[in-house]
Structures are given as C-alpha cells and as structure tokens.
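Written below as structure tokens is the structure these notes are about.
Protein chains: 2
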Amino acid sequence: MSRRTGYHHGDLRNALETAALELVAERGAHGFTMAEASRRANVSVAAPFKHFANRDALLAALALRGYQEQARRFADAVGSADDPVEQLAEFAVAYVQFAIDERALFEITFSAGLDKTAYPELEEAGSAVLAVLLPPAKRVRQKRALELVHAIGAVAHGCAAFFNEGVFGADQARTTARTSARAIAAYRSTR
Amino acid sequence: MSRRTGYHHGDLRNALETAALELVAERGAHGFTMAEASRRANVSVAAPFKHFANRDALLAALALRGYQEQARRFADAVGSADDPVEQLAEFAVAYVQFAIDERALFEITFSAGLDKTAYPELEEAGSAVLAVLLPPAKRVRQKRALELVHAIGAVAHGCAAFFNEGVFGADQARTTARTSARAIAAYRSTR
DNA sequence: CGCGATGGTAAGTGCTGTTAACATTCAGCT
DNA sequence: AGCTGAATGTTAACAGCACTTACCATCGCG
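Top to bottom, those sequences are chains S and C.
Following my numbering from start to finish, the first sequence increments by one per residue and tops out at 191.
Following my numbering from start to finish, the second sequence increments by one per residue and tops out at 382.
Structure representation (structure tokens):
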C-alpha cells in the first residue's frame, strides 16, 4: 500500500472493494454502482477501470473474498464436532451464520446476477468449499457422499436465502438449518 | 382485448409482460429492460409507463403470475398423495419443477432484486402458497407445523436455486428435493 | 357531434457503464 | 540526478437506461 499523493490514491483497488461492500450492505446487491463507489473513494468515475475490467470484475473480486471466508468458516465448523452427522449440521449452521454476518458478501455471491462461469477463480473457490464437506459425508455414507453434500448444501442455502428474504429470523434460520441437516444426514445413513 | 388501430396497440400491457418474460428467459433476470420490451412491442419507450408505474411494477405483475402458477401446481401436488409426508415431498418436487418449467418466472420472483414488501399483493400471494402446505404439515406434526412448512420450503428452494445455478441437473434437483423433504418430515414426525 | 378518458408519441433529464486521449506520478536504470 | 516506461490518475465523450413532461390520436359515450 503506497501513500496517497493527491493525484494518486495509493490504494484505490482496496478502497473500491470496501466502498462496494458498503453500498451492497446499504442498498442491496442491485444498489451498487461503479459511479457511486468512485465518489466514495474520491476519484473520477473512470478511475476504477484501471483496476477492474468492468463492473462484474469488481463483484467477482468480492465474491472471491466471500468464498474464501466461507471456506475458513466451514473448516472451523467441521472441526468443531467429531460425529460426522454433527459436522454436517455444524456446516449448515455456519452457512447460515455467514449469510447473517456477511450479508453483503452473501448477496454478491448469490443475488447479484454474477455469471460465475465467466470467472474460473470462483469455480475453483467453490470446489474448495465442497472439498471441506466430502470427508464427513463419506463417513456418513461412503457411496453417494457427493449427493449428501449437495443435499445438505441445498438446505443450508435455502435457510440462508429465507433469512435474507425476511422469511426467517436469525434464530429460526440457524435452528432450521441444524435440524434439517441432521434429518437429512441421519435419514441417509440408515437406509 | 381491443384491435390495434396503428396508433393504439390494443393490448400493450399484455404484450409487455410477454416480452419481459422472453427477455428474462433469454438474458436472465438482470437482462430485462423496459426499452427493449418496448421495442419488441413496437412501441415508443415511454408507452410502458402508461401501464406500469415503473420497471419494478412490471416485474411485480409477473411475479404475481408466478405465485399464482405456483399455488396451482402446489395444490395439485398435495392432492396427488394421501400420506402427509408424501404430500410434502410432492410439494418439494413441484417447487423444483416450477423452477425448471418456468425458469423466467422463478428468476423474477427470487433473483430480480424485487422488493416484495412494496407490493402487498405479492405478500398475499405468498401466504396463499403457504396455506396449501399447512394441512399436511399439521397431520405430520400438529405443533410447530409452520416450522415444518418452512423447513420443507427451504430445502425445496435450495434445490431449485442449485438447479438454476447449474449445480444440479433437473433429475438430481427433483430427487434431492423429494428425498430431503421426506427425511425432514419423517425425522420431525418421530421425535 | 362533442368531449373526456385512455393510450399513444417526441423530446429531454439525469444517471449509468465504458472508452479514448491525455496528465501525473512512481520505480528502476544509467 | 535525470530519463524513461509503466501505473494510475484525469477529463470528455458516447450510448443505453428509467423516467417525466407536454403534446396528439383515438375510443366510447352522452
């Protein structure tokens, strides 16, 4: 991070990401604009394009942050239990908690209309998240472990989305995620 | 529906809704614009505002269609089984099938950044959808039936979202929804 | 026929993303 | 120290967007 000279900002790339995150937090995924982010960074509207190819590229950079934070949290969650069913349940709760704590990041990754297939680094980060869940899933159900991961991911995502839409409060979102994840994992382990 | 005179379109409101739906189907929820819809209806860009207060109002009209179609499908699904657990499972499958068959409507209702609280008719339609599920949920678990409905709704939504994102194929989305819904309903009915 | 309601048009405002041409500063080399 | 090229800013422009205003055409009705 270089110092600002009055002409050069010094850390514009970072400042833009921060401003964008604030904007999404304030106005929702749709409410972020390059122009407003530029204003908040005290920079002309054209400046951001020296750091990001386009609007989507800025969102993609934030989405990457989001996936990395997720991976960290999910690894912790899986590490916080020994029983594999509980590990999966803890993951589901952590997924919801991420949506609660980092609402802006969550919205960017899932409601900003970003085409993830256009950013290979995002697909890669998504796979990394998945990899954390495969070991416990295999202990629950050696075959079809991937299906189990997907099923648990789907509930967790549904609960997080419902929280985001205001259908669930934070408590209900966490509880529903935990209970449903347990139900799915237990059901599959016994048939 | 009146006839078109060359000056008056005759059925512009409907034509705009249809064009908007096509646009969303072609380009995603984000890719719809009033201007493009106007062009497809062979009408000036200002004309739509005689029929819709703003862009969101057009989306809201389509979202309403979506909820009504959902209510129809869910009622059918619940009617297609006798066992209440299977009724809930059929609902979950129907939810996913709606996302598959009516991708554009699904995206409008859940990925278009539409503020549903601003349109009371949407909240109302959402409640109507919920009402279909309460009777079977009560048969599974008299107390906390609403929680059960929410949990099943969350899985179904998660599966549909994963399908929409390309994580799931159609078959996998349906199967995961059915199996997970069964697991949740069965788990809750036995404890 | 006349007349108001309805539903179109053209033109304009202010915002957006994005680009192009130009200016300033930084960092490394001689 | 001074030169030079790469980074990183600026200003000015363009086209597309949502939306408003003022106006015009048509329909249905007394």
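Where is the CB? At the ideal position from N, CA and C, for every residue including glycine.
The structure displayed is predicted, hence computed values, not measured ones.
Counting other Cβ atoms within 10 Å of its Cβ, Thr308/C stays below 16 and is therefore classed as exposed. The C-beta distance from Ile291/C to Phe354/C rounds to 7 Å, short enough to meet the 8 Å contact threshold. Of all residues in the region 143-157 of chain S, those with a C-beta nearer than 8 Å to a C-beta of chain C are Glu147, His150, Ala151, Gly153, Ala154, Val155, Ala156, His157, reading in chain order.
Boundaries for Lys241/C: no alpha helix (DSSP H) harbours it, and the DSSP string shows neither H nor E there. Arg182/S and Thr33/S have their C-alpha atoms some 41 Å from each other.
Straight-line measurement puts the Cα of Glu165/S at about 15 Å from the Cα of Glu26/S. A Cβ-Cβ contact shorter than 8 Å links Val85/S with Ala186/S.
At least one CB atom of chain C sits nearer than 8 Å to the CB of His30/S. Contact between the region 335-350 of chain C and the region 275-289 of chain C is established, with three or more Cβ pairs separated by less than 8 Å. The three-state secondary structure of Tyr187/S, taken from DSSP, is helix. Scanning its chain for C-beta atoms nearer than 8 Å, with the 5 sequence neighbours on each side dropped, one finds around Tyr258/C the residues Thr300, Leu313, Ala316, Gly317, Ala319, Val320, in chain order. Burial state of Pro135/S is exposed, judged by a 10 Å Cβ sphere holding fewer than 16 other Cβ atoms. Shown here is that no member of the region 84-108 of chain S has a Cβ falling below 7 Å from a Cβ of chain C. Closer than 8 Å to the CB of Gly113/S there is at least one CB belonging to chain C. Gln70/S counts as buried, since at least 16 other C-beta atoms from the protein chains shown sit within 10 angstroms of its C-beta. Of the other Cβ atoms in all chains shown, 16 or more fall within 10 Å of the Cβ of Thr367/C; this residue is therefore buried.
With respect to Val323/C, Ala254/C sits apart: the two C-beta atoms are not nearer than 8 Å. Its Cα nearest to that of Lys329/C, the residue Asp274/C stands out among Asp274/C, Arg231/C, Arg263/C.
Inter-residue distance for Arg369/C and Ala92/S is about 19 Å (C-alpha atoms, whole angstroms). Counting only runs of 3+ residues, no beta strand (DSSP E) is found wholly inside the region 193-260 of chain C. In the DSSP assignment, Asp292/C falls within the alpha helix (DSSP H) that extends over 275-292. Lys143/S carries a coil assignment under DSSP once its states are collapsed to helix, strand and coil. Ser80/S counts as exposed, since fewer than 16 other beta carbons sit within 10 angstroms of its beta carbon. Here the alpha carbon of Asp171/S sits roughly 51 Å from the alpha carbon of Asn233/C. Inclusion of Leu249/C and Pro239/C in the CB contact set at 8 Å is warranted, their separation being smaller than that value. The Cβ atoms of Val287/C and Ala351/C sit closer than 8 Å to each other. Between Ala161/S and chain C, the shortest Cβ-Cβ separation is below 8 Å. Beyond the five residues adjoining it in sequence on each side, Val45/S comes within less than 6 Å, by CB distance, of Ala35, Ser38 in the same chain, given in chain order.
The C-beta separation of Val140/S from Ser371/C comes to about 14 Å, leaving the pair out of contact by the 8 Å criterion. The three-state reading of DSSP puts Val346/C in helix, counting H, G and I together. Comparing alpha-carbon positions, the option among Leu114/S, Gln142/S, Gly158/S, Tyr7/S lying closest to Ala61/S turns out to be Leu114/S. A direct Cα-to-Cα measurement between Gly344/C and Gly158/S gives close to 8 Å. Per DSSP, reduced to three states, the secondary structure at Gly317/C is helical.
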